[in-house]
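J.:
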Amino acid sequence: MRRIIKGTEPASFTEWKASANEDWMPTYPTLQNPQKRELHNSLLQEQLVR
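Laid out in structure tokens, this is it:
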């Protein structure tokens, strides 16, 4: 098993999570592009760094 050093989350993902209000809560099933793509790329990058 390889060790993965976690980085910081993309700013767009942080902003998406902060956009919660009384009528809407962010959930992974509602995550869409561009935040989804940026998060995915960030996670892949963490796994490729050695």
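Positions 0 to 49 (numbering that gives the first Met the number 0) are the ones given, in order, by the sequence shown. We put the beta carbon where it would ideally sit given N, CA and C, even for glycine. Keep in mind it's a predicted model, so treat the numbers as computed, not measured.
Check whether the Cβ atoms of E45 and P9 sit closer than 9 Å, and answer yes or no.
T.: To locate residue 45, count along the sequence shown from 1; it is residue 46. To locate residue 9, count along the sequence shown from 1; it is residue 10. No, the pair does not count as a contact, with Cβ atoms beyond the cut-off.
J.: How close, in whole Å, do the beta carbons of P25 and A19 come, if the pair is a contact with beta carbons under 8 Å?
T.: Reading the sequence shown from its first residue, position 26 is the one you call residue 25. Reading the sequence shown from its first residue, position 20 is the one you call residue 19. With 8 Å as the limit, P25 and A19 qualify as a contact, their Cβ atoms being about 6 Å apart.
J.: Compute the beta-carbon to beta-carbon distance between F68 and Q31, rounded to the nearest angstrom, for a pair I have assumed lies under 8 Å.
T.: In the structure as shown, the chain starts at 0 and stops at 49, and residue 68 therefore has no counterpart that could be examined.
J.: Grab me the residues of G6's own chain with a C-beta within less than 6 Å of its C-beta, minus the 5 sequence neighbours each way, in chain order.
T.: Translated into positions along the sequence shown, residue 6 becomes position 7. Excluding sequence neighbours, G6 sits near E45.
J.: So what does DSSP say about T29, is it helix, strand or coil?
T.: Residue mapping note: residue 29 aligns to position 30 of the sequence shown, counting from 1. Helix, per DSSP.
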